[in-house]
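Peer 1:
Number of protein chains: 2
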Amino acid sequence: MQHTIKLGIVGYGNLGKGVRKAIDQNPDMELVAVFTRRTPSELESGSAGVKFEHISAAERYKGIIDVMILCGGSATDLPEQTPQLASLFNTVDSFDTHAKIPEFFEAVDAVARKADTLSVISTGWDPGLFSLNRLLAEAILPQGTDYTFWGKGVSQGHSDAIRRVPGVKGGVQYTVPVQAVIDRIRAGETPALSTREKHLRECYVVAEEGADQDAIRETIVNMPNYFADYDTTVTFITEEQLQNEHKGMPHGGFVIRSGITGEGTKQIVEFGLKLESNPEFTASVLVACARAAVRLRGEGAVGAKTVFDLPLGYLSPKSPEQLRRELL
Amino acid sequence: MQHTIKLGIVGYGNLGKGVRKAIDQNPDMELVAVFTRRTPSELESGSAGVKFEHISAAERYKGIIDVMILCGGSATDLPEQTPQLASLFNTVDSFDTHAKIPEFFEAVDAVARKADTLSVISTGWDPGLFSLNRLLAEAILPQGTDYTFWGKGVSQGHSDAIRRVPGVKGGVQYTVPVQAVIDRIRAGETPALSTREKHLRECYVVAEEGADQDAIRETIVNMPNYFADYDTTVTFITEEQLQNEHKGMPHGGFVIRSGITGEGTKQIVEFGLKLESNPEFTASVLVACARAAVRLRGEGAVGAKTVFDLPLGYLSPKSPEQLRRELL
Chain Z
1 MQHTIKLGIV GYGNLGKGVR KAIDQNPDME LVAVFTRRTP SELESGSAGV KFEHISAAER
61 YKGIIDVMIL CGGSATDLPE QTPQLASLFN TVDSFDTHAK IPEFFEAVDA VARKADTLSV
121 ISTGWDPGLF SLNRLLAEAI LPQGTDYTFW GKGVSQGHSD AIRRVPGVKG GVQYTVPVQA
181 VIDRIRAGET PALSTREKHL RECYVVAEEG ADQDAIRETI VNMPNYFADY DTTVTFITEE
241 QLQNEHKGMP HGGFVIRSGI TGEGTKQIVE FGLKLESNPE FTASVLVACA RAAVRLRGEG
301 AVGAKTVFDL PLGYLSPKSP EQLRRELL
Chain W
329 MQHTIKLGIV GYGNLGKGVR KAIDQNPDME LVAVFTRRTP SELESGSAGV KFEHISAAER
389 YKGIIDVMIL CGGSATDLPE QTPQLASLFN TVDSFDTHAK IPEFFEAVDA VARKADTLSV
449 ISTGWDPGLF SLNRLLAEAI LPQGTDYTFW GKGVSQGHSD AIRRVPGVKG GVQYTVPVQA
509 VIDRIRAGET PALSTREKHL RECYVVAEEG ADQDAIRETI VNMPNYFADY DTTVTFITEE
569 QLQNEHKGMP HGGFVIRSGI TGEGTKQIVE FGLKLESNPE FTASVLVACA RAAVRLRGEG
629 AVGAKTVFDL PLGYLSPKSP EQLRRELL
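Written out as structure tokens, the structure reads:
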């Protein structure tokens, strides 16, 4: 019988709360403490049985916590926190600024190797499961074209952009994959498509009283970078509708590779997610990766790792024998 | 620059031919020879540039061939050939008798450990990619229900059963997933379903001249085990139609897990394949796994392995740096 995997959470926003819930679903895991930059006692209401600590107390948990799950943002939190905590603990994070992954990897790798720890970086669903599926399909079908579609889901950046428009009181933006394009690809076509040809943008906007709705609509649909190049719809709703119908954080998407084997034989591989909660699902991926981090570290591995480096059997609590019997 | 991976193929049916074509698509690989129990010279027509050897000559290639890709059947070939060849070479096979995988694993593992070789067993798409996706989705969503659908695709066993019916000259059977059931699951329902509730059986039959078509239909749809418990359709066609419209070997299917996180949040993970050629796709998976076998063996690993034991990055010819930059 293996010992329980002891976990810490750093950061207690939507993702951190999702990790707490995911740990509850895994009997081989135990939450030791949540670390925060806020005043720990402020977080206690509604989280009975969870121990909160200030982030400055983390070092005292060295040797107690097996893996720290880092739930900060990619813009400013993780570039600082992952290297810092990797000097003390094994870590898992969801760093998702694609263009900066190589330098992030190098920075974390150097710290972790020196500290004899292991850090699984940039996991979740994209980067993460989508990346795995892009790799898998490309390795099997070297001749082919692949497509990533996101949505239907909330884009935080685009929602923020809407809310900055004068006369807008609130709003949310959904990125929506174009079904007709997906159907063409599933039918075997391999069109060359930009991100904007694959996605629509649906905006739900609460206008301030007396605001000019036509002017708001024009400002949004013509906004450069965010909306101008996309098919964008703007629907005005009430504040109540925004609260009641748009409070979820759904997301998802598809990775499709359309390849050729032999003499023109078409082969299509598709992976898709339909998520009612993006942060809860991402959290569940982080928790499974924490299990893999413990296993790999137990074999002597150190440094930064990505999903590409993990034998997937290590994500499961089941033994290799059980996996072969039940799931192969 | 790594040296080219030198491969042998054992068995030259549809799968072996598919492996030859897949090797051609991978510039880091080279086919050294095809081994057969038949007279090698008989196989040469239509396969220019391929060297054929009798299976008894395999031993002479020890130290020359990096991985033998075993393309025999699971019923009688592989239980004998994999252990035999694992005593001399690294191997990859597609042993797919699910119930016998544990004992097959043990037998191959013992031989390979003794011989200091590595064998990736039971790979392809099911077992193989479908297994990986069952594991991945279950590890991430421990609370959930999963579903495997096969098809639309040819079932060899059921096609053989049709052809044994008196008055039948030829025929083919397609296993077809029930679209309405897939739609329910994609919409979030988690019904309890047996294999027969998830699949239809479509039979295309060529009757002998003067044969009683109604009697043939009755015999097929009432055949125990094969058809009696399924919704089965029988369509009579001409010999020309059988040749022209049913000569392909399409297959595919879906693995869907419908899970719950937090307080009843629905999360759906789906993996699907739509294959114009089952053997060519399976062959492409075997070839990518041969690359992983070489990498793992290069790290000192020996014994039997399954897809659960492979870091997926090892399937790709790209370096870890390149994978992180391009695919993560």
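Residue numbers (this note's numbering), protein chains in the order written: chain Z, 1 to 328; chain W, 329 to 656. Cβ atoms here follow ideal geometry from the backbone N, Cα and C, with glycine treated the same way. The model shown is predicted, which means the values in this text are computed figures rather than measured ones.
Around the Cβ of PRO177 of chain Z, are there at least 16 other Cβ atoms within 10 angstroms (buried) or fewer (exposed)?
Peer 2: Start at 1 with the first residue of the first sequence, and residue 177 of chain Z comes out as number 177. It counts as buried.
Peer 1: Ignore the nearest five residues each way along the sequence and tell me which others in GLY151 of chain Z's own chain have a CB closer than 8 Å to its CB.
Peer 2: For this step, residue 151 of chain Z is matched to residue 151 along the first sequence. Cβ within range, chain order: TYR174, THR175, VAL176, PRO177, HIS199, HIS251, GLY252, GLY253.
Peer 1: Can you give the beta carbon distance from VAL439 of chain W to VAL420 of chain W, rounded, assuming they're within the 8 Å contact cut?
Peer 2: The residue given as residue 439 of chain W occupies position 111 in the second sequence. The residue given as residue 420 of chain W occupies position 92 in the second sequence. The pair is not a contact, with the Cβ atoms about 15 Å apart (cut-off 8 Å).
Peer 1: Is ASN26 of chain Z close to chain W, meaning its C-beta is less than 8 Å from at least one C-beta of that chain?
Peer 2: Within the first sequence, numbered from 1, the residue matching residue 26 of chain Z stands at position 26. Interface residue, yes.
Peer 1: Just to check my reading of the structure: LEU463 of chain W and LEU136 of chain Z have Cβ atoms closer than 8 Å, yes? What is that Cβ distance to the nearest angstrom?
Peer 2: For the purposes of this step, residue 463 of chain W is taken as residue 135 along the second sequence, with counting starting at 1. For the purposes of this step, residue 136 of chain Z is taken as residue 136 along the first sequence, with counting starting at 1. The Cβ separation is near 13 Å, so there is no contact.
Peer 1: When you compare the CB of THR97 of chain Z with every CB in chain W, is at least one pair closer than 8 Å?
Peer 2: Along the first sequence, read from residue 1 onward, the residue named residue 97 of chain Z stands at position 97. Judged by the 8 Å Cβ criterion, THR97 of chain Z is not in contact with chain W.
Peer 1: Could you give the residue range of the beta strand (DSSP E) that holds HIS54 of chain Z?
Peer 2: Your numbering for residue 54 of chain Z matches position 54 in the first sequence. Segment 52 to 54, the beta strand (DSSP E) holding HIS54 of chain Z.
Peer 1: Do we get a CB-CB distance below 8 Å when we pair ASP309 of chain Z with the residues of chain W?
Peer 2: Within the first sequence, the letter at position 309 stands for residue 309 of chain Z. Chain W, which has a Cβ nearer than 8 Å to the Cβ of ASP309 of chain Z, makes this yes.
Peer 1: Which two residues bound the contiguous alpha helix (DSSP H) that contains ARG325 of chain Z?
Peer 2: Reading the first sequence from its first residue, position 325 is the one you call residue 325 of chain Z. First-last of the alpha helix (DSSP H) with ARG325 of chain Z: 320 to 326.
Peer 1: Less than 8 Å between the C-beta atoms of LEU88 of chain Z and ALA58 of chain Z, yes or no?
Peer 2: Numbered from 1 along the first sequence, position 88 holds the residue referred to as residue 88 of chain Z. Numbered from 1 along the first sequence, position 58 holds the residue referred to as residue 58 of chain Z. Yes. Within cutoff.
Peer 1: The segment 269 to 287 of chain Z: which residues have C-beta closer than 7 Å to a C-beta of chain W, in chain order?
Peer 2: Per Cβ criterion, the list reads VAL269, GLU270, PHE271, GLY272, LEU273, LYS274, LEU275, GLU276, SER277, GLU280, PHE281, SER284, VAL285.
Peer 1: On a Cα-Cα basis, can you pick out the residue from W:PRO355, W:ILE383, W:LEU469 that is closest to PRO27 of chain Z?
Peer 2: The residue labelled residue 27 of chain Z in the question sits at position 27 within the first sequence. Out of W:PRO355, W:ILE383, W:LEU469, W:LEU469 has the C-alpha closest to the C-alpha of PRO27 of chain Z.
Peer 1: So for PRO430 of chain W, helix, strand or coil by DSSP?
Peer 2: Along the second sequence, read from residue 1 onward, the residue named residue 430 of chain W stands at position 102. Three-state result, PRO430 of chain W: helix.
Peer 1: Apart from the five residues just before and just after THR566 of chain W, which ones in its own chain have a Cβ nearer than 8 Å to its Cβ?
Peer 2: For the purposes of this step, residue 566 of chain W is taken as residue 238 along the second sequence, with counting starting at 1. If we look at THR566 of chain W and ignore the five residues flanking it on each side, its Cβ neighbours are VAL534.
Peer 1: Tell me where the beta strand (DSSP E) around THR82 of chain Z begins and ends.
Peer 2: Taking the first residue of the first sequence as position 1, residue 82 of chain Z is located at position 82. Where THR82 of chain Z is concerned, there is no enclosing beta strand (DSSP E), although the alpha helix (DSSP H) it sits in stretches over 77 to 86.
Peer 1: Can you pull the chain W neighbours of PRO79 of chain Z, defined as C-beta to C-beta under 8 Å?
Peer 2: Along the first sequence, one-based indexing puts residue 79 of chain Z at 79. Under the 8 Å cutoff, chain W gives no residues; its nearest Cβ is about 16 Å from PRO79 of chain Z.
Peer 1: Quick check: the Cα distance between LYS21 of chain Z and GLY590 of chain W, rounded to an integer number of angstroms?
Peer 2: On the first sequence, position 21 is the one that residue 21 of chain Z refers to. On the second sequence, position 262 is the one that residue 590 of chain W refers to. Going from the Cα of LYS21 of chain Z to the Cα of GLY590 of chain W covers about 5 Å.
Peer 1: For a quick check, are the C-beta atoms of LEU335 of chain W and ILE351 of chain W less than 8 Å apart?
Peer 2: Residue numbering aside, residue 335 of chain W sits at position 7 when the second sequence is read from its first letter. Residue numbering aside, residue 351 of chain W sits at position 23 when the second sequence is read from its first letter. Result yes, Cβ atoms of LEU335 of chain W and ILE351 of chain W sit closer than 8 Å.
Peer 1: Tell me the DSSP secondary structure of LYS247 of chain Z in three-state form.
Peer 2: Translated into the one-based positions of the first sequence, residue 247 of chain Z becomes position 247. In the structure shown, LYS247 of chain Z sits in coil (DSSP, three-state: anything other than H, G, I, E or B).
Peer 1: If you draw a straight line from the C-alpha of MET1 of chain Z to the C-alpha of SER522 of chain W, how long is it?
Peer 2: As a working note, residue 1 of chain Z is residue 1 in the first sequence. As a working note, residue 522 of chain W is residue 194 in the second sequence. Confidence at MET1 of chain Z is low in this model, with a pLDDT of 46, below 50, so the placement of that residue is unreliable and no value is reported for it.
Peer 1: Does the segment 276 to 283 of chain Z come within contact of the segment 293 to 310 of chain Z, defined as at least 3 CB pairs closer than 8 Å?
Peer 2: Segments in contact, no.
Peer 1: When the cut-off is 8 Å and only beta carbons count, does GLU138 of chain Z lie next to chain W?
Peer 2: Locating residue 138 of chain Z in the first sequence gives position 138, counting from the first residue. At least one chain W Cβ lies under 8 Å of GLU138 of chain Z.
Peer 1: What did DSSP end up calling ASN354 of chain W once you bin it into helix, strand or coil?
Peer 2: Stepping through the second sequence from its first residue, residue 354 of chain W is reached at position 26. Of the three classes helix, strand and coil, the one that applies to ASN354 of chain W here is coil, per DSSP.
Peer 1: Please report the residue range of the beta strand (DSSP E) in which ARG594 of chain W lies.
Peer 2: Taking the second sequence and counting its residues from 1, one reaches residue 594 of chain W at position 266. The question names Arg, yet the displayed sequence has Lys at residue 594 of chain W. Counting along the chain, the beta strand (DSSP E) containing LYS594 of chain W begins and ends at 593 to 603.
Peer 1: Are the CB atoms of ALA139 of chain Z and SER666 of chain W within a distance shorter than 8 Å?
Peer 2: Look at the range of chain W in this structure, 329 to 656, and you will see that residue 666 of chain W is not part of it.
Peer 1: Nearest by alpha-carbon distance to VAL351 of chain Z: which of Z:ALA75, Z:SER45, Z:VAL67, Z:CYS289 is it?
Peer 2: Residue 351 of chain Z lies beyond the residue range present for chain Z, which begins at 1 and ends at 328; the question has no answer from this structure.
Peer 1: Does the segment 395 to 412 of chain W come into contact with the segment 338 to 346 of chain W, if we say contact requires no fewer than three beta-carbon pairs (one atom in each stretch) closer than 8 Å?
Peer 2: Taking 8 Å as the limit for Cβ pairs, the verdict is that the segment 338 to 346 of chain W does touch the segment 395 to 412 of chain W.
Peer 1: Considering only C-alpha positions, which residue in the set Z:GLY188, Z:VAL165, Z:GLY128 is nearest to THR97 of chain Z?
Peer 2: If you number the first sequence from 1, residue 97 of chain Z lands on position 97. Among Z:GLY188, Z:VAL165, Z:GLY128, the Cα nearest to that of THR97 of chain Z is on Z:GLY128.
Peer 1: Tell whether a beta-carbon distance below 8 Å holds between ILE393 of chain W and VAL362 of chain W.
Peer 2: Numbered from 1 along the second sequence, position 65 holds the residue referred to as residue 393 of chain W. Numbered from 1 along the second sequence, position 34 holds the residue referred to as residue 362 of chain W. For ILE393 of chain W and VAL362 of chain W, no; Cβs fall outside 8 Å.
Peer 1: Consult DSSP for ALA515 of chain W and reduce its assignment to one of helix, strand or coil.
Peer 2: Within the second sequence, residue 515 of chain W is the residue found at index 187, counting from 1. Looking at ALA515 of chain W - three-state DSSP - the assignment turns out to be coil, as it is neither helix nor strand.
Peer 1: Looking at the structure shown, is PHE458 of chain W part of a helix, part of a strand, or coil, going by DSSP?
Peer 2: Against the second sequence, residue 458 of chain W aligns to sequence position 130. PHE458 of chain W: helix per DSSP, three-state reduction.
Peer 1: For PHE149 of chain Z and chain A, any beta-carbon pair shorter than 8 Å?
Peer 2: The structure shown contains no chain A; the protein chains it does contain are Z and W.
Peer 1: Determine whether the Cβ of SER194 of chain Z lies closer than 8 Å to any Cβ atom of chain W.
Peer 2: By one-based count along the first sequence, residue 194 of chain Z stands at place 194. So no, SER194 of chain Z is outside the interface.
Peer 1: Return the chain-ordered list of same chain residues with a C-beta closer than 8 Å to the C-beta of PRO320 of chain Z, the five sequence neighbours on each side being excluded.
Peer 2: Numbered from its first residue, the first sequence carries residue 320 of chain Z at position 320. These residues qualify, in order along the chain: GLY313.
Peer 1: Beta-carbon of MET1 of chain Z versus every beta-carbon of chain W: anything under 8 Å?
Peer 2: Numbered from 1 along the first sequence, position 1 holds the residue referred to as residue 1 of chain Z. Reliability of the predicted coordinates at MET1 of chain Z is poor, the pLDDT of 46 falling under 50, and no value is obtained from them.
Peer 1: Give the secondary structure of ASP557 of chain W by DSSP, where H, G and I count as helix, E and B as strand, and everything else as coil.
Peer 2: Taking the first residue of the second sequence as position 1, residue 557 of chain W is located at position 229. It is coil, neither helix nor strand.
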